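If you're matching them up, the sequences are chains A and B in order. Residue numbering for the first sequence follows my numbering, starting at 15 and increasing by one per position. Residue numbering for the second sequence follows my numbering, starting at 648 and increasing by one per position. Each residue gets a CB set at the ideal place from its N, CA and C atoms; glycine is no exception. As the structure is a computational prediction, the values presented were derived from the model and not from experiment. Structure first, commentary second.
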Amino acid sequence: MRIRNHPIIDFKKKREISFYFNKKKMYGEEGDTIASALHANDVKVLSHSLRYKRPRGFFCGIGKCSSCFMTVNDIPNVRTCITPVKENIKVMEQDKGGELPNKQFINKDKKRIDVEIVIIGSGPAGLMAALAAAEQGASVLLIDENHMVGGQLVKQTHRFFGSREEKAGMRGIELAVELMKKVVEYKESIQLMLATTVIGCYKGKKRHNLIAVQKLADGDQLFEINGHKIIVACGALENMLAFPGNDLPGVYGAGGVQTLMNVYGVKPGKCVLMVGAGNVGLIVSYQLLQAGIMVDRVVEAMPKIGGYHVHAAKLRRCGVPIYTSHSIKEAYGKEKVEGAVVVKVDDYCQPISGTEENISCDTICLAVGLTPSIRLIEQIGVRTEFILEAGGHVAVHDSSMQTNVRGIYIAGDSSGIEEASTAMIEGQLAGVSAATSLGYDKNASEVKRKCRSALKVFRSGPFGEIPRVGKEKIACCYRNGGLTY
Amino acid sequence: MEVLHIKNYEKTGVLSISNLRLPTDDQLKKGVAIIECVQEIPCNPCVAVCPVNAISMEDINDLPKADFNKCTSCRQCVGICPGLAIFVVKVKDEKALITLPYEFLPIPKVGDIVTALDRDGNSKGDAKVVKVNQKEKTRVITIEVSKDLAMEVRNIRV
Ligand SMILES: Cc1cc2nc3c(=O)[nH]c(=O)nc-3n(C[C@H](O)[C@H](O)[C@H](O)COP(=O)(O)OP(=O)(O)OC[C@H]3O[C@@H](n4cnc5c(N)ncnc54)[C@H](O)[C@@H]3O)c2cc1C
Ligand code: SF4
Ligand code: SF4
Ligand code: FES
Chain A
15 MRIRNHPIID FKKKREISFY FNKKKMYGEE GDTIASALHA NDVKVLSHSL RYKRPRGFFC
75 GIGKCSSCFM TVNDIPNVRT CITPVKENIK VMEQDKGGEL PNKQFINKDK KRIDVEIVII
135 GSGPAGLMAA LAAAEQGASV LLIDENHMVG GQLVKQTHRF FGSREEKAGM RGIELAVELM
195 KKVVEYKESI QLMLATTVIG CYKGKKRHNL IAVQKLADGD QLFEINGHKI IVACGALENM
255 LAFPGNDLPG VYGAGGVQTL MNVYGVKPGK CVLMVGAGNV GLIVSYQLLQ AGIMVDRVVE
315 AMPKIGGYHV HAAKLRRCGV PIYTSHSIKE AYGKEKVEGA VVVKVDDYCQ PISGTEENIS
375 CDTICLAVGL TPSIRLIEQI GVRTEFILEA GGHVAVHDSS MQTNVRGIYI AGDSSGIEEA
435 STAMIEGQLA GVSAATSLGY DKNASEVKRK CRSALKVFRS GPFGEIPRVG KEKIACCYRN
495 GGLTY
Chain B
648 MEVLHIKNYE KTGVLSISNL RLPTDDQLKK GVAIIECVQE IPCNPCVAVC PVNAISMEDI
708 NDLPKADFNK CTSCRQCVGI CPGLAIFVVK VKDEKALITL PYEFLPIPKV GDIVTALDRD
768 GNSKGDAKVV KVNQKEKTRV ITIEVSKDLA MEVRNIRV
C-alpha cells in the first residue's frame, strides 16, 4: 500500500516504527500518523458503531470529523488521523463509548502565555497572517493542532494558477516549505506551537482568552493564552453525502485521500470512484493516477463539470471518463467498500430508474464541497449567517476581516470557501489589520490596498462569481445586520 | 425550466477543434504554441514566460491568445502552464512534432516508442520520442506522429 515511486513527490523509505493494533504487532514509518500506518497495513476498519456495530473507517484525514477515534495507550477518543505513530504504542479498536482510564493522566499545572496576536491555524491563511503581522512589528503566536504547518497546502502537488505575485506555477507543497522558511526567519517575533488544539475561546474586555491543549510525549499540557487580537484561520471540513452504505470504510473525503497519498505516501486502495467534478474532485482524481491508482470514473450530479476545464482535460486525456448528470446511489460491501451503484439523474437531481450501473471499486471519494469551520468563533459570540455561496454558516466580517467581536479576525476557508491563493491574501489582510489596530504601521495602508485589489481580481472572472456573491452577502450582513431573502 | 446553454466540453471535458483558434499550414510548418485554455480563469504565467511576447491577455481573467506569427516555438510556455493546456505543434514533411507536458512515471527516453493518445485518452497508434526535458517535475516531451494527427494527439502512455 506504500507509494515508492511518484512523478512529483520524493517518497524515501523512512525508519520503521513498530506498534500494536489490537495486540498484533505492526510496522509503520517515521512521519506516519496512526491512521496512515494502519492503512499501510491494509487495516481500514478502525472501529464499529455503538448501536449497530457497523464497521467504521476514517473520512477527513485532517482531524475534523471524529470518524477515526481509537483508544491509544488506554486513552480513548484519540483522532488517529492527526496523531503520529510512536514506537510501541498500543492502538485498540474502540467499540464502545470511550472511558477515561482510572489512572490520573493530567497532573500538571496550567501554563499561561500572553501575546499580542494569536493565530489559530497554520494553513495558507494563518501562515500569511503571521508573516504579515510580524512584518508590521507585532509579536505573534501561531497555533496548529496538526504536527506540521501548512494546512491543506502540504497535499497540493499541482501547480497554482494566478499571477507571479500570487506564486502561480508553484506547487502547494513547495509553497508550504517556502512560507515555513520565512516563519523561521521571523523567529524573534513568531512563536510556533504545533500539536496544539484550541478548545475554548472566551471574550475579554481588553484581551481575549483561549484554552489550548498541547500533546507532549509525557502527556498533555493545558494552556491559557491571552491575546489582544485573535485571528481564526481554522479552514474547512469536507461534506458528506447521504446514500446507503456511506459509512463503510473506503468511503473517504477526497481531501482525506489526498492527505493519505500525498502527505503519508499511502494508497487508499486500488480502484476509485470519484463523486464530484469540481476542482477538488478533478485534481484528486489526477493525483490518484499519478500515485498509480486506477480511477474508474468521475460522476457529477450537475449537468456540467464544475471545476476548471483544464483540470478536466488532463484527466480525460488519461482516459478517465467524467459522467455529468450522474450520481452515486449506494455503496456496498461487507466490512469495507466492494463496489457502488451509480445512476443517471434528471434536471432536479432525481435518480432515473433503469439507468443504474454497477461499478466494482474499493474506494469511493466524496468531493462534494466544504463547510467552513466555525465552531470556535461561535463560542466567543461572533455572529454567523448561513450563506450558501460561502459554503454554509460563516462568520460575518468587515473588509479588514474583523468580525463583530472587536479584536477577533477571520481568514481563509473559515470566512467562506475559496482556494489557497485567496486564503493567503485574506490571511495577509487580517494579519496587517490586526497589527495596525495595535498601533504598528509599516506602510500598512498600502499593503491592505494591494490585498483588496488582488482579492477583487481573483473574484472577478466567471469562476470567481460564487465566492464574490458570498463575500458581497457577508458584507451586507455586516453592515445591515442580516440578510432578507 | 430555463434552457441551459451548456457547451459540449463543459459536459465531457473534451475540446473539439472548433473550440480552438487554428494556425495556418505555413504557421504550422514554422511551429506554433496551441493554447487549449478556453475559460476565463485568473491565471497568466504563460504571458509572463514568453520571451517574445507572443501570448497576450487584456487582464488576468481574460483568455490567453497566441500570436502565431510571433511565436518561435521555444516551448517554454508548455512547461510553465499550471493547467497543462499548452502544446507546441510543428509539421515537418509528412510528420508532426508535438511537444506536450507529462507528469507520470516512467519517464520515456529519446528514441522510445510510446502510445499516442487523443483528448479522450484513446490510442492513436505509436509515437516516437524525440526530445525529453526533465528540468522540472512537469516534464516537457516532444514526440513524432504522422501529420494528420497534429491536432489530435495530446498525451502519451509510456
Ligand atoms: C481536504 C481539502 C483539500 C483541498 N484541496 C485543494 C486543492 O487541491 N487546491 C486548492 O486550491 N484548494 C484546495 N482546498 C481548498 C482550501 O480551501 C485552500 O486550499 C486552503 O488550504 C484554505 O486555507 P486555510 O488557511 O483557510 O485553511 P487550511 O489550509 O485548512 O488550514 C487550517 C489549519 O487550521 C488548523 N486548525 C483547525 N482547527 C484548529 C484548532 N481548533 N486548533 C488548532 N489548529 C486548528 C488545522 O489543523 C489546519 O492546519 C482544499 C480544502 C480541503 C479541506
Ligand atoms: S512556444 Fe515560446 S514563443 Fe511560442 S508562445 Fe510559447 S513561450 Fe512564446
Ligand atoms: S498559463 Fe495555462 S492555464 Fe494559465 S492562462 Fe495560460 S494557458 Fe491558461
Ligand atoms: S478526524 Fe480523523 S478522519 Fe476525520
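Quick one: which unbroken alpha helix (DSSP H) runs of 4-plus residues sit fully inside the segment 276 to 351 of chain A? Chain order, please. 293 to 304 and 323 to 330
Would you kindly work out how many angstroms separate the C-alpha atoms of residue 693 of chain B and residue 707 of chain B, rounded to a whole number? Indexing the second sequence from 1 puts residue 693 of chain B at position 46. Indexing the second sequence from 1 puts residue 707 of chain B at position 60. Straight-line Cα distance between these residues: approximately 11 Å.
Do residue 384 of chain A and ligand 1 come close, with the Cβ less than 6 Å from some heavy atom? Here the question's residue 384 of chain A lines up with position 370 in the first sequence. Yes, since a heavy atom of ligand 1 falls inside the 6 Å radius drawn around the Cβ of residue 384 of chain A.
Going by the CB atoms, is the gap between residue 46 of chain A and residue 278 of chain A shorter than 7 Å? Within the first sequence, numbered from 1, the residue matching residue 278 of chain A stands at position 264. Within the first sequence, numbered from 1, the residue matching residue 46 of chain A stands at position 32. Taking 7 Å as the Cβ cut-off, residue 278 of chain A and residue 46 of chain A qualify as a contacting pair.
Just verifying my parser: in three-state terms, what is the DSSP assignment at residue 72 of chain A? As a position in the first sequence, residue 72 of chain A is number 58, starting the count at 1. In the structure shown, residue 72 of chain A sits in coil (DSSP, three-state: anything other than H, G, I, E or B).
Closest Cα partner of residue 671 of chain B within the set B:725, B:802, B:736 and B:683: Residue 671 of chain B sits at position 24 when you count from the first residue of the second sequence. Comparing Cα-Cα distances from residue 671 of chain B to each of B:725, B:802, B:736 and B:683, the minimum goes to B:736.
Selection from A:317, A:340, A:482 and A:84 that minimises the alpha carbon distance to residue 366 of chain A: As a first step, residue 366 of chain A is located in the first sequence; it is residue number 352 there, counting from the start. Checking every option, the nearest Cα to that of residue 366 of chain A belongs to A:340.
Under 7 Å, Cβ to Cβ, is there at least one residue of chain B near residue 182 of chain A? Working through the first sequence from its first residue, we reach residue 182 of chain A at position 168. Yes, its Cβ sits closer than 7 Å to a Cβ of chain B.
Along the alpha helix (DSSP H) that carries residue 794 of chain B, what are the first and last residues, could you check? Taking the first residue of the second sequence as 1, we reach residue 794 of chain B at position 147. No alpha helix (DSSP H) contains residue 794 of chain B, which DSSP labels as neither H nor E.
Cβ atoms of residue 252 of chain A and residue 74 of chain A: under 7 Å apart, would you say? Start at 1 with the first residue of the first sequence, and residue 74 of chain A comes out as number 60. Start at 1 with the first residue of the first sequence, and residue 252 of chain A comes out as number 238. Yes, the pair counts as a contact, with Cβ atoms nearer than the cut-off.
Output yes or no for whether 7 Å exceeds the beta carbon distance between residue 313 of chain A and residue 346 of chain A. Residue 313 of chain A sits at position 299 when you count from the first residue of the first sequence. Residue 346 of chain A sits at position 332 when you count from the first residue of the first sequence. Contact: no.
Can you tell me whether DSSP reads residue 375 of chain A as helix, strand or coil? For the purposes of this step, residue 375 of chain A is taken as residue 361 along the first sequence, with counting starting at 1. DSSP places residue 375 of chain A in coil when its eight states are reduced to three.
What do you reckon, is the C-beta of residue 801 of chain B under 6 Å from a heavy atom of ligand 4? Locating residue 801 of chain B in the second sequence gives position 154, where the first residue counts as 1. Every heavy atom of ligand 4 is 6 Å or more from the Cβ of residue 801 of chain B, so no.
Cβ-based contacts, 9 Å cut-off: residues of the segment 658 to 686 of chain B near chain A: 658, 659, 660, 661, 662, 683, 684, 685 and 686
Closer than 6 Å: residue 797 of chain B CB and nearest ligand 2 heavy atom: Against the second sequence, residue 797 of chain B aligns to sequence position 150. No - ligand 2 has no heavy atom lying nearer than 6 Å to the Cβ of residue 797 of chain B.
For residue 488 of chain A and residue 430 of chain A, which I take to be in contact (beta-carbon distance under 8 Å), what is that distance rounded to the nearest angstrom? Working through the first sequence from its first residue, we reach residue 488 of chain A at position 474. Working through the first sequence from its first residue, we reach residue 430 of chain A at position 416. Their Cβ separation, rounded to whole angstroms, is 7 Å, which keeps residue 488 of chain A and residue 430 of chain A in contact under 8 Å.
Does the beta carbon of residue 277 of chain A fall short of 6 Å from some heavy atom of ligand 2? Translated into the one-based positions of the first sequence, residue 277 of chain A becomes position 263. Checking every heavy atom of ligand 2 against the Cβ of residue 277 of chain A, none is found closer than 6 Å.
Pick from A:446, A:432, A:157 and A:193: whose alpha carbon is nearest that of residue 484 of chain A? Within the first sequence, the letter at position 470 stands for residue 484 of chain A. The candidate whose alpha carbon is nearest that of residue 484 of chain A is A:432.
Beta-carbon within less than 7 Å of residue 68 of chain A's beta-carbon, same chain only, minus the 5 sequence neighbours each way: which residues are those? Taking the first residue of the first sequence as 1, we reach residue 68 of chain A at position 54. If we look at residue 68 of chain A and ignore the five residues flanking it on each side, its Cβ neighbours are 62 and 261.
Could you tell me if the beta carbon of residue 93 of chain A falls within a distance shorter than 6 Å of some heavy atom in ligand 4? Walking along the first sequence from the start, residue 93 of chain A turns up at place 79. Checking every heavy atom of ligand 4 against the Cβ of residue 93 of chain A, one is found closer than 6 Å.
For residue 273 of chain A, does the three-state DSSP call read helix, strand or coil? Here residue 273 of chain A is taken as the residue at index 259 of the first sequence, counted from 1. Looking at residue 273 of chain A - three-state DSSP - the assignment turns out to be helix.
When you compare only the Cα positions, how much space is there between residue 199 of chain A and residue 217 of chain A? Residue numbering aside, residue 199 of chain A sits at position 185 when the first sequence is read from its first letter. Residue numbering aside, residue 217 of chain A sits at position 203 when the first sequence is read from its first letter. Distance between the alpha carbons of residue 199 of chain A and residue 217 of chain A: 32 Å.
I want to know whether the segment 231 to 241 of chain A touches the segment 342 to 359 of chain A - three or more CB-CB distances under 8 Å. no
First through last residue of the alpha helix (DSSP H) which encompasses residue 692 of chain B: If you number the second sequence from 1, residue 692 of chain B lands on position 45. Taken as a continuous stretch (DSSP letters only), the alpha helix (DSSP H) holding residue 692 of chain B covers 692 to 696.
Opening and closing residue of the alpha helix (DSSP H) in which residue 664 of chain B lies: By one-based count along the second sequence, residue 664 of chain B stands at place 17. Residue 664 of chain B -> no alpha helix (DSSP H), and no H or E assigned at all.
Count the other CB atoms, across all protein chains shown, that sit within 10 Å of the CB of residue 331 of chain A; report buried if there are 16 or more and exposed otherwise. Taking the first sequence and counting its residues from 1, one reaches residue 331 of chain A at position 317. Buried, since its Cβ has 16 or more Cβ neighbours within 10 Å.
Within its chain, find whatever has a CB closer than 8 Å to the CB of residue 329 of chain A; leave out the 5 residues flanking it on each side and keep chain order. On the first sequence, residue 329 of chain A is found 315 positions in, with the first residue counted as 1. Answer for residue 329 of chain A: 296, 299, 300, 303, 309, 312 and 336, listed in chain order.
Roughly how many angstroms separate the alpha carbons of residue 171 of chain A and residue 305 of chain A, rounded to a whole number? Numbered from 1 along the first sequence, position 157 holds the residue referred to as residue 171 of chain A. Numbered from 1 along the first sequence, position 291 holds the residue referred to as residue 305 of chain A. Answer to the nearest angstrom: the Cα atoms are 11 Å apart.
According to DSSP, simplified to helix, strand and coil, what is residue 249 of chain A? Against the first sequence, residue 249 of chain A aligns to sequence position 235. It is coil, neither helix nor strand.
Where the beta carbon is closer than 6 Å to any heavy atom of ligand 2, which residues qualify, in chain order? B:680, B:696, B:697, B:699, B:701, B:702, B:713, B:718, B:719, B:720, B:721, B:722, B:723, B:724 and B:735
May I ask you to check if the CB of residue 98 of chain A is nearer than 6 Å to at least one heavy atom of ligand 1? Within the first sequence, the letter at position 84 stands for residue 98 of chain A. No - ligand 1 has no heavy atom lying nearer than 6 Å to the Cβ of residue 98 of chain A.
Do you know offhand how far residue 333 of chain A's Cα is from residue 767 of chain B's? For the purposes of this step, residue 333 of chain A is taken as the residue at position 319 of the first sequence. For the purposes of this step, residue 767 of chain B is taken as the residue at position 120 of the second sequence. Going from the Cα of residue 333 of chain A to the Cα of residue 767 of chain B covers about 6 Å.
Check whether chain A comes within 7 Å of residue 778 of chain B, counting only Cβ atoms and requiring the distance to be less than that. Stepping through the second sequence from its first residue, residue 778 of chain B is reached at position 131. So, not an interface residue.
Taking Cβ-Cβ distances shorter than 7 Å, what residues in chain B pair up with residue 258 of chain A? On the first sequence, position 244 is the one that residue 258 of chain A refers to. Within 7 Å Cβ-Cβ: nothing; residue 258 of chain A doesn't reach chain B, min ~28 Å.
Count the other C-beta atoms from every protein chain shown that fall within 10 angstroms of the C-beta of residue 652 of chain B, then say buried if there are 16 or more, exposed otherwise. Looking up residue 652 of chain B in the second sequence gives position 5. Looking at its Cβ environment, which holds fewer than 16 other Cβ atoms inside 10 Å, residue 652 of chain B is exposed.
Against chain B, with Cβ distances strictly below 7 Å, would residue 323 of chain A count as a contact? For the purposes of this step, residue 323 of chain A is taken as the residue at position 309 of the first sequence. At least one chain B Cβ lies under 7 Å of residue 323 of chain A.
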